[in-house]
């Protein structure tokens, strides 16, 4: 079993961490202190704000230092989430697997090959054998395909429609600012209803339905960030748990690890030197 370092606590990274943890791997999630992911009912995002979050029966809990991360990994009861300097935490923990699940669709990821024995990038802009060792496709048309040489598919296309609605279901941040809202995931809303405020700009629901995604209050968001998602089916239950796409990606990551035969370090090696995050 491997020690797996997952970057990103959105729905994709959370599904990957959940699958790895459930399969017996040691897992931690790293992200910024106040992440802006909207699909919080499908992720461990809220743990960065509220200390803990549950996803399909597995709890993720925020911790403040690498010593606590190691202790939680040894206990194997919950998935630790940690913020702080990425390279410092990575160097302290020395994971066998590094998975970039940040899904920064419009940013070119930095080179991560060599930062762990196995590195995996999820989504567009990764180049297998250069940016990371392996790449997993996240676009529906190639969902779950492992790329061992060359680039992943470029960002393109439209979201899968729900009841005929595609990109109309989303609201993107019109500017940088602090996101404020009193609404919760799964809440039913009407078209035009004010659901949040961003730096003095009112954010309104684009459709009737329920909130499948809404960024946590207090997040510092950048222009273009997806901050609201409406599910026009109006079923709050569909806003929670691991969805089809993240689940497929997570299972592919598990298969990739099995194919690489990555081993977990001896239990007594885990504590190592204490490094504070």
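Residue numbers (my numbering): 10 to 286.
For each residue, glycine too, the CB sits at the ideal point set by N, CA and C.
Given the structure is predicted, the values throughout are model-derived calculations rather than measurements.
Distance, residue j Cα to residue i Cα
i           : j           : result
residue 263 : residue 98  : 23 Å
residue 273 : residue 82  : Note on residue 273: pLDDT 47, under 50, position unreliable in the model; no value is reported.
residue 251 : residue 70  : 18 Å
residue 156 : residue 18  : 23 Å
residue 259 : residue 207 : 33 Å
residue 67  : residue 268 : 25 Å
residue 51  : residue 57  : 14 Å
residue 106 : residue 11  : 7 Å
residue 53  : residue 23  : 6 Å
residue 254 : residue 149 : 8 Å
residue 76  : residue 103 : 13 Å
residue 171 : residue 214 : 16 Å
residue 129 : residue 25  : 11 Å
residue 122 : residue 61  : 31 Å
residue 197 : residue 110 : 29 Å
residue 141 : residue 201 : 43 Å
residue 96  : residue 211 : 37 Å
residue 175 : residue 65  : 27 Å
residue 63  : residue 16  : 18 Å
residue 154 : residue 143 : 10 Å
residue 169 : residue 244 : 17 Å
residue 256 : residue 20  : 9 Å
residue 167 : residue 13  : 32 Å
residue 276 : residue 159 : Below a pLDDT of 50, predicted positions are generally treated as unreliable, and residue 276, at 38, falls in that range; no measurement from the model is reported.
residue 34  : residue 151 : 26 Å
Residue range of the unbroken beta strand (DSSP E) whose run includes residue i
i           : result
residue 189 : 186-189
residue 64  : 61-64
residue 205 : 203-207
residue 89  : 88-91
residue 372 : No answer is possible for residue 372: it lies beyond the span of the chain, which begins at 10 and ends at 286.
residue 22  : Unbroken run through residue 22 is the alpha helix (DSSP H), 20-31; no beta strand (DSSP E).
residue 238 : 235-240
residue 68  : 67-71
residue 14  : 12-16
residue 109 : 106-109
residue 144 : 143-145
residue 221 : 218-223
residue 210 : 210-213
residue 39  : 35-39
residue 129 : 127-131
residue 193 : Taken as a continuous stretch (DSSP letters only), residue 193 belongs to no beta strand (DSSP E), as it is neither H nor E.
residue 181 : 179-181
Cβ neighbour criterion (16 or more within 10 Å) applied to residue i
i           : result
residue 203 : exposed
residue 216 : buried
residue 199 : exposed
residue 84  : exposed
residue 193 : exposed
residue 261 : buried
residue 72  : buried
residue 146 : buried
residue 241 : buried
residue 133 : buried
residue 164 : exposed
residue 184 : exposed
residue 246 : exposed
Below-7 Å beta-carbon distance, residue i vs any chain D residue
i           : result
residue 216 : Going by chain labels, chain D is absent from the structure shown, which holds only one protein chain.
Where the alpha helix (DSSP H) through residue i begins and ends
i           : result
residue 99  : 95-102
residue 83  : 75-84
residue 267 : 253-269
Rounded Cβ spacing between residue i and residue j (contact assumed at less than 8 Å)
i           : j           : result
residue 173 : residue 248 : Incorrect: roughly 19 Å between the Cβ atoms, too far for contact.
residue 131 : residue 112 : 7 Å
Taking one C-beta from the stretch 213-225 and one from the stretch 185-193 each time, how about it: are there three or more such pairs within less than 8 Å?
Yes: the two stretches touch, three or more of their Cβ pairs being nearer than 8 Å.
Hey, is the stretch 80-97 in contact with the stretch 34-42, meaning 3+ C-beta pairs nearer than 8 Å?
Per the Cβ contact rule, the stretch 80-97 is in contact with the stretch 34-42 (3 or more Cβ pairs under 8 Å).
Between the stretch 105-121 and the stretch 204-223, are three or more C-beta pairs nearer than 8 Å?
The stretch 105-121 vs the stretch 204-223: no contact.
Determine contact between the stretch 233-249 and the stretch 170-180, defined as no fewer than three beta-carbon pairs at a distance below 8 Å.
A contact exists between the stretch 233-249 and the stretch 170-180.
Counting Cβ pairs closer than 8 Å, one from the stretch 132-143 and one from the stretch 46-62, do we hit at least three?
With the cut-off at 8 Å, the stretch 132-143 and the stretch 46-62 do not touch.
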